[in-house]
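Asks:
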Amino acid sequence: MPDLTGRCACGAVTFSVEAPKTYGACHCEMCRRWTGGVWMGVVCESEPEVTGPLKVWKSTRIASRGFCPDCGSSVWHRPRRAKFPTLGQGLFDDQAGWTMTREIMAEDRPDHYAFGTGAKSFTGWGTLWAVVTGRLPK
Ligand SMILES: [Zn+2]
Ligand SMILES: [Zn+2]
Numbered sequence: 005m006p007d008l009t010g011r012c013a014c015g016a017v018t019f020s021v022e023a024p025k026t027y028g029a030c031h032c033e034m035c036r037r038w039t040g041g042v043w044m045g046v047v048c049e050s051e052p053e054v055t056g057p058l059k060v061w062k063s064t065r066i067a068s069r070g071f072c073p074d075c076g077s078s079v080w081h082r083p084r085r086a087k088f089p090t091l092g093q094g095l096f097d098d099q100a101g102w103t104m105t106r107e108i109m110a111e112d113r114p115d116h117y118a119f120g121t122g123a124k125s126f127t128g129w130g131t132l133w134a135v136v137t138g139r140l141p142k
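Just so you know, we're using the numbering used here here: the sequence shown kicks off at 5 and counts up by one.
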């Protein structure tokens with residue numbers, strides 16, 4: 005049963021989903037351009053129930069990204085072979101009690117920002133896949 009809710013900036017796209025209150029930050033160039041900053045992804049434990057005009061962009065051969073066509077909010081990233089998408093952490097209504105558990109594509113992080121949360125840093129795309137498939141904790 006979905007237990008967390010969220011929405012895009014304008015409210016046209018809403019979702020409810022089962023998800024842990026943990027997330028990873030991705031420093032890759034694609035995520036930086038797509039979000040205008042840093043993508044912080046929550047690996048879902050159910051298929052999100054989405055309402056509204058969500059649009060999907062096939063960003064690479066192996067993944068697609070969902071966004072709100074009205075306000076442009078980055079909503080989800082979905083590796084083609086993943087069971088469920090990762091949803092943007094900043095979209096969730098309840099912002100209490102979350103933990104950043106990993107930073108991925110750390111080698112791509114520009115040197116003008118850093119989080120300092122104590123989250124483990126990983127390099128390469130394999131990290132995302134390891135999280136999605138359960139070999140690394142969410
Ligand atoms: Zn919107
Ligand atoms: Zn990325």
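In this text, a Cβ means the ideal position worked out from N, Cα and C, and glycines have one as well.
Given that a residue counts as buried once 16 or more other Cβ atoms are within 10 Å of its Cβ, and exposed if not, what is Glu33?
Replies: In the sequence shown, counting from the first residue as 1, residue 33 sits at position 29. When all chains shown are included, Glu33 counts as exposed.
Asks: Quick one, which of Thr55, Cys12, Asp7, Leu8 has its alpha-carbon nearest Cys75's?
Replies: Looking up residue 75 in the sequence shown gives position 71. That would be Cys12, whose Cα lies nearest to the Cα of Cys75.
Asks: I'd like to confirm the pairing. Which residues does DSSP put opposite Gly10 in its beta bridges?
Replies: The residue labelled residue 10 in the question sits at position 6 within the sequence shown. Paired residue(s): Phe19, Phe96.
Asks: Apply the 10 Å Cβ neighbour rule to Trp208 and answer buried if 16 or more other Cβ atoms are within range, or exposed otherwise.
Replies: Only positions 5 to 142 of the chain appear in the structure, and residue 208 is not among them; the question remains open.
Asks: Please classify Ala134: does DSSP put it in a helix, a strand, or coil?
Replies: Position 130 of the sequence shown holds residue 134. In this structure, Ala134 counts as helix in the three-state DSSP scheme.
Asks: Against chain D, with Cβ distances strictly below 8 angstroms, would Thr121 count as a contact?
Replies: Among the chains in the structure shown there is no chain D, since it carries only a single protein chain.
Asks: Take Gly28 and list the residues in its own chain whose beta-carbon comes closer than 6 angstroms to its own, dropping the five residues that flank it on each side.
Replies: Within the sequence shown, the letter at position 24 stands for residue 28. Only Gly45, Arg106, Ile108 meet the Cβ criterion.
Asks: According to DSSP, is Ala118 part of a helix, a strand, or is it coil?
Replies: Residue numbering aside, residue 118 sits at position 114 when the sequence shown is read from its first letter. Three-state DSSP puts Ala118 in coil, outside helix and strand.
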